[in-house]
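Structure record follows, encoded as structure tokens.
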Amino acid sequence: MREVSSAYTVSIHYDRRLYRQDIAGSIAHARMLAKQGIIAEGDLSAIEQGLVEIREEIEDGSFVWRAELEDIHMNVERRLHEKIGDVAGRLHTARSRNDQVALDVRMFTKDAIGDILGGIHDLRAALAGQAEANADVVMPGYTHVQRAQPVLFSHHMLAYFEMLGRDAERFRQAYRRADVLPLGSGALAGLPYPIDREFVARELGFGSISRNSMDAVADRDFLLDFQAASAICMMHLSRLAEEMVLWSSDEFAFIRLSDEFTTGSSIMPQKRNPDFAELARGKTGRVYGGLMALLTLLKGLPLTYNRDMQEDKEGFFDTFDTLLNTVAIFAEMLATMSVNAGRMREAAQGGYMLATDIADYLVERGMPFREAHGVVARLSEYAVERGVQFEQLTLEEYRGFSSLFGEDALSISVDSSVAARDVPGGTAFGRVRQAIVEARAELEAENER
Ligand code: ARG
107 MREVSSAYTV
117 SIHYDRRLYR
127 QDIAGSIAHA
137 RMLAKQGIIA
147 EGDLSAIEQG
157 LVEIREEIED
167 GSFVWRAELE
177 DIHMNVERRL
187 HEKIGDVAGR
197 LHTARSRNDQ
207 VALDVRMFTK
217 DAIGDILGGI
227 HDLRAALAGQ
237 AEANADVVMP
247 GYTHVQRAQP
257 VLFSHHMLAY
267 FEMLGRDAER
277 FRQAYRRADV
287 LPLGSGALAG
297 LPYPIDREFV
307 ARELGFGSIS
317 RNSMDAVADR
327 DFLLDFQAAS
337 AICMMHLSRL
347 AEEMVLWSSD
357 EFAFIRLSDE
367 FTTGSSIMPQ
377 KRNPDFAELA
387 RGKTGRVYGG
397 LMALLTLLKG
407 LPLTYNRDMQ
417 EDKEGFFDTF
427 DTLLNTVAIF
437 AEMLATMSVN
447 AGRMREAAQG
457 GYMLATDIAD
467 YLVERGMPFR
477 EAHGVVARLS
487 EYAVERGVQF
497 EQLTLEEYRG
507 FSSLFGEDAL
517 SISVDSSVAA
527 RDVPGGTAFG
537 RVRQAIVEAR
547 AELEAENER
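Numbering-wise, this note's numbering puts 481 at position 375 of the sequence shown, and it's gapless, one number per residue.
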């Protein structure tokens with residue numbers, strides 16, 4: 107029983123991931139204390155030396171983690187004491203675990219966002235690469251998973267480029283919110299020492315310092331921002347995953363995923379299961395779960411720090427790992443996927459997708475759109491009954507439905523349909539080529555940052 111109850115409060119098995127941030131934060135804090143004359147210069151050297159060694163021990167695997175010390179902060183502090191004796195006790199002057207843990211998690215979040223942004227960048231580059239390599243490939247565009255209007259495959263790829271661009275923007279925003287130094291807030295009320303918070307912020311690369319000590323130790327909004335941005339990004343990836351599952355099926359056969367991202371079945375040798383795409387779709391659940399768990403844990407917490415907040419980390423780490431892996435896998439999966447242009451065009455030519463174009467043709471010749479819509483509905487019915495496509499109808503047949511049809515109605519095609527969508531944001535060949543150029547420039551500008 108004793109053992110069960112003490113294990114309940116332990117977090118070291120996951121918060122040890124914060125060791126680098128914890129040690130960097132402690133070094134910056136100690137430097138500030140010495141600069142302000144709060145601790146002696148000699149104490150600073152001992153503390154700094156000890157902390158650097160502890161970091162090495164952790165990295166070479168010789169550090170002994172102790173569950174009875176509960177968390178990363180106590181494990182490091184105890185080890186420092188073993189190394190340098192009572193001087194270690196001076197490090198925690200003008201600091202509380204409350205502002206310390208807030209600092210560590212903010213620093214970790216900033217690093218995590220840097221990694222995620224790198225991953226999103228690579229994935230967007232892969233999307234732009236596929237768009238470029240298949241710039242003029244025509245495919246059916248869908249609504250309700252029904253063939254709707256012909257579009258360019260490149261246009262479809264760049265739709266995801268846009269979605270992931272918004273994700274990156276959300277992460278950059280989350281970064282700005284994480285980039286506020288909480289250290290110097292103490293347990294909750296501020297500190298009765300002449301500390302220099304701006305100095306610590308500069309040492310640790312924070313953009314600003316928190317303005318309210320109570321908020322600083324109670325706030326986990328930056329984690330919510332991260333979790334929310336991650337949940338939306340996973341939702342986007344899950345939509346893309348779903349398309350890859352559909353497109354790689356025999357029914358569509360629009361793409362072929364490389365062997366690396368499919369698995370065979372043990373009993374059905376013909377199968378190429380898109381397991382990676384499916385798992386990405388499935389892992390979206392745990393990322394949503396992380397967001398829900400954090401919202402729920404923070405709800406109803408009175409100011410300021412409450413131990414509940416220790417529960418903020420596992421979901422966060424899991425979300426970070428899941429999303430980072432998923433974007434990296436998608437970048438590879440996209441880059442190595444092959445596109446079956448012939449199949450896509452074939453599909454674009456079936457399914458009466460030129461109906462809207464034929465209606466637009468009549469509108470151009472003066473017919474109100476609603477009326478044109480009716481004419482084309484009757485024309486479609488006629489073609490479907492005979493089992494032919496619009497392209498196979500004769501001019502006489504067209505004219506049976508409206509005398510506005512002329513010879514040029516026969517040249518309405520998948521290509522003329524795509525070419526006609528020549529508006530900003532449309533799928534016309536030139537518009538998409540321009541969009542690819544702009545996508546490339548955007549990625550290039552990110553590289554230079
Ligand atoms: N392990 C704790 C956490 O993650 C550290 C802060 C503990 N503070 C306290 N007053 N008990 O939240």
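For glycine and all other residues, C-beta sits at the position ideal for the given N, C-alpha and C.
- Judged by DSSP in its simplified three-state form, I301 adopts coil rather than helix or strand.
- Just so you know, the alpha carbons of V306 and E544 end up roughly 40 angstroms apart.
- Each of S509, E188, E513, V538 was checked against the Cα of A525, and the nearest Cα belongs to V538.
- Within the segment 492-555, complete beta strand (DSSP E) segments of at least 3 residues are not found at all.
- Of all alpha-carbon atoms in Q252, P246, L264, F169, the one lying nearest the alpha-carbon of G235 is that of L264.
- No residue range can be given for R122, since it is assigned to no alpha helix (DSSP H) and is classified by DSSP as neither H nor E.
- C-alpha of E165 to C-alpha of A547: approximately 40 angstroms in a straight line.
- In the three-state reduction of the DSSP assignment, A383 falls in the helix class, which pools H, G and I.
- By the Cβ neighbour-count rule, N181 is buried, with 16 or more other Cβ atoms within 10 Å of its own.
- Secondary structure of Y248 (DSSP, three-state): strand.
- For S444, the shortest C-beta to heavy atom distance toward the ligand ARG is 7 angstroms or greater.
- Only residues of its own chain outside the window of five on either side were considered, and among them W171, I178 have a CB closer than 7 angstroms to the CB of R122, listed in chain order.
- In the same chain as A454, and ignoring 5 residues on each side of it, the C-beta atoms closer than 6 angstroms to its own belong to V244, M245, P246, P256, V520, in chain order.
- Within the segment 459-485, the alpha helix (DSSP H) runs of at least 4 residues that lie entirely inside it are, in chain order, 461-470.
- With distances taken between CA atoms, L229 lies nearest to L346 out of L346, Y114, T249, Y120.
- Cβ-Cβ distances below 8 angstroms link Y504 to L485, F511, A515, L516 in the same chain, with the five nearest sequence neighbours on each side left out; the list follows chain order.
- Not a single heavy atom of the ligand ARG lies less than 7 angstroms from the C-beta of S319.
- D424 sits close to R392, with the two beta carbons spaced by under 8 angstroms.
- The C-beta distance from D273 to I361 rounds to 23 angstroms, too long to fall under 8 angstroms, and the pair is not in contact.
- Pairing H342 with L270 gives a Cβ-Cβ distance under 8 angstroms.
- When secondary structure is reduced to three states using DSSP, A194 falls in the helix class.
- In the three-state reduction of the DSSP assignment, S314 falls in the strand class, which pools E and B.
- DSSP, reduced to helix, strand and coil, places L270 within a helical segment of the structure shown.
- Bridge partners of T442 according to DSSP: none are assigned.
- When the beta-carbon positions are compared, A322 and S314 stay at least 8 angstroms from each other.
- M213 has its Cβ no nearer than 7 angstroms to any heavy atom of the ligand ARG.
- Q376 counts as exposed, since fewer than 16 other beta carbons sit within 10 angstroms of its beta carbon.
- In the DSSP annotation of this structure, W171 is not part of any alpha helix (DSSP H), being labelled neither H nor E.
- In the structure shown, R201 falls within a coil segment according to DSSP collapsed to helix, strand and coil.
- Closest by C-alpha distance to A383, out of I373, S372, M374, T368, is T368.
- Proximity of the segment 323-335 to the segment 411-423 meets the contact definition, three or more beta-carbon pairs being nearer than 8 angstroms.
- Taking every protein chain shown into account, the CB of N204 has 16 or more other CB atoms within 10 angstroms, so this residue is buried.
- From the listed residues I160, E174, R161, the smallest Cα separation to H119 is found for E174.
- Between G225 and A434 a beta carbon distance of about 5 angstroms is seen, short of the 8 angstroms cut, so the two are scored as contacting.
- CA-to-CA, the gap between A359 and H262 works out to about 16 angstroms.
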